[in-house]
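Per the working numbering, the sequence shown starts with residue 33, numbered consecutively. Yeah, the Cβ is synthetic: ideal placement off N, Cα and C, and Gly gets one too. Just so you know, these numbers come straight off a predicted model, no measurement behind them. In what follows, a single structure is set out as structure tokens and then discussed.
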Amino acid sequence: MNLKSVYLVATFLFAACILAAAPLAHAKLRVVTTVTDLRAITEEVCGDLASVEAIAKGTQDPHYIEAKPSFMVKASRADLMISIGLDLEIGWLPSILRGARNPSIMKGQQGYLEVGPLVEPLEVSKGEISRAMGDIHPFGNPHVTIDPIRAGEIAVHIAKRLGELDSGNAARFLQNATALKTRLEAKTKLWQARIDKTGVKSIVTYHKTLTYFFDRFKIAHPAILEPKPGIPPTSGHIIDVIQLIRAQKIPLIFVENFFDPTVTNKIKQDVPSVRAATVAVSVDGAPGISKIDDLYENLVKNVEGH
Ligand SMILES: [Zn+2]
């Protein structure tokens, strides 16, 4: 071997070492979440210790997301997939996981986390379930992140799993999650006081998206514009809802902003005093809602009427 080829081999080995070392030097965890609320919570937990991306947009109905190949590519590179579970993503996440061919994020693996079942789901079905009941979730209402207290608990569950995958940063993940949980607990008291001040005690919604928010802030939700979950409002059902709004003097209707808000026109014709608001129900659901706190703040403002 002459001097030149020794030099070339040495250069090659040096470059190979740099290439091999590079992924270690930048071994940040890659987290993919199904929905934007989970992304926002995970970002708070991670700070700059991981990259976090969501699949669904905040303006989309999370029940119906198209399993695009680009989502499979994201999932194929992920170290951790965080979902709500409780059947929220049942129509699209299984296809994305199949397409991703990433064994470490399959159900049952350390790289797969479902947070919904960990935070005491409401409306868990007892007894027989049939298709005639509509798009029912037998394991409970999956819209858990709309409650700030549960969001804080979810942060802690996420921190624990991240700590298992990256033990060197476990303490920092937990510290960040606890800070978020404490902050949301403090704000919940202030939000409750503001809601109490409005005198609003019941709200009609389009879908049962806000159940956990109402449960947390002691707001009744005696009617839903969908006659059954996932079934668009019928005129017969709207007439029933109008009667209920009159009888119970319900002051407010919230339509989640991925549904058709014109459904409230007929109600407002019959009950002019009722106020109808189109509301974002996810992070990124409207401009200015980029942190998980913004989501609740915006809902409280809508209860207040501004
Ligand atoms: Zn739902």
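Put residue i into one of helix, strand or coil per three-state DSSP.
i	result
Ala82	strand
Ile190	helix
Ala308	strand
Arg71	helix
Ala252	strand
His338	coil
Ile324	helix
Leu331	helix
Glu121	coil
Ser234	strand
Lys260	strand
Lys139	coil
Ala180	The sequence given here places Pro at residue 180; Ala does not occur at that position. Of the three classes helix, strand and coil, the one that applies to Pro180 here is helix, per DSSP.
Ser108	helix
Gly195	helix
Glu155	coil
Ala318	coil
Phe291	coil
Check for me: the alpha helix (DSSP H) holding residue i runs from which residue to which?
i	result
Met113	First-last for Met113: Leu112 to Ser115, but that is the beta strand (DSSP E), not the alpha helix (DSSP H).
Ile274	Ser267 to Gln280
Thr296	Val295 to Asp302
Glu217	Ala202 to Thr230
Leu125	Leu125 to Ala132
May I ask which residues mark the beginning and end of the beta strand (DSSP E) holding residue i?
i	result
Phe171	No beta strand (DSSP E) holds Phe171; DSSP gives it neither H nor E.
Phe286	Leu284 to Glu288
Arg62	Leu61 to Thr65
Glu98	Run containing Glu98: none; DSSP gives neither H nor E here.
Thr241	Taken as a continuous stretch (DSSP letters only), Thr241 belongs to no beta strand (DSSP E), as it is neither H nor E.
Glu146	Tyr144 to Glu146
Pull up the CB-CB distance for residue i and residue j, whole angstroms please, since I reckon it's below 8 Å.
i	j	result
Ile251	Ser234	6 Å
Phe290	Thr65	Not quite, the Cβ-Cβ distance comes to about 18 Å (not below 8 Å), so this is no contact.
Ala183	Ile73	6 Å
Val77	Phe205	5 Å
Gly143	Asp179	Their Cβ separation, rounded to whole angstroms, is 26 Å, which puts Gly143 and Asp179 out of contact at 8 Å.
Glu336	Val313	About 17 Å; that fails the 8 Å criterion.
Val236	Ile285	5 Å
Ala82	Val63	5 Å
So which of the options has the shortest CA-CA distance to residue i?
i	options	result
Leu327	Arg204, Gln207, Thr68 and Tyr144	Thr68
Gly148	Ser157, Ser127, Lys300 and Gly117	Gly117
Lys240	Glu155, Ile270 and Arg278	Glu155
Pro264	Thr296, Asp247, Thr243 and Asn208	Thr296
Asp119	His169, His189, Leu216 and Ile271	His169
Thr94	Pro254, Asp179, Glu336 and Ser115	A small correction: the amino acid at residue 94 is Pro; Thr does not occupy that position in the sequence shown. Answer by Cα proximity: Ser115.
Ile190	Asp228, Met113 and Val105	Met113
Phe246	Ser267, Thr177, Asp198 and Ala59	Thr177
Glu322	Ala107, Ala59, Glu75 and Val63	Going by the sequence as given, residue 322 is Ser instead of Glu. Of the candidates Ala107, Ala59, Glu75 and Val63, the one whose C-alpha sits nearest the C-alpha of Ser322 is Glu75.
Thr310	Asp325, Gln301, Asn334 and Arg133	Asn334
Glu85	Tyr96, Pro304, Ala107 and Ile97	Ala107
Asp228	Phe249, Ser199, Gly320 and Arg278	Phe249
Arg109	Ile97, Lys300, Ile137 and Ala209	Ile137
Give a yes or no on whether 8 Å exceeds the smallest Cβ distance from residue i to chain D.
i	result
Lys60	Looking at the structure shown, chain D is missing, and only one protein chain is on hand.
Would you check whether ligand 3 has a heavy atom nearer than 7 Å to the C-beta of residue i?
i	result
His338	Of the ligands this structure carries, namely ligand 1, none is ligand 3.
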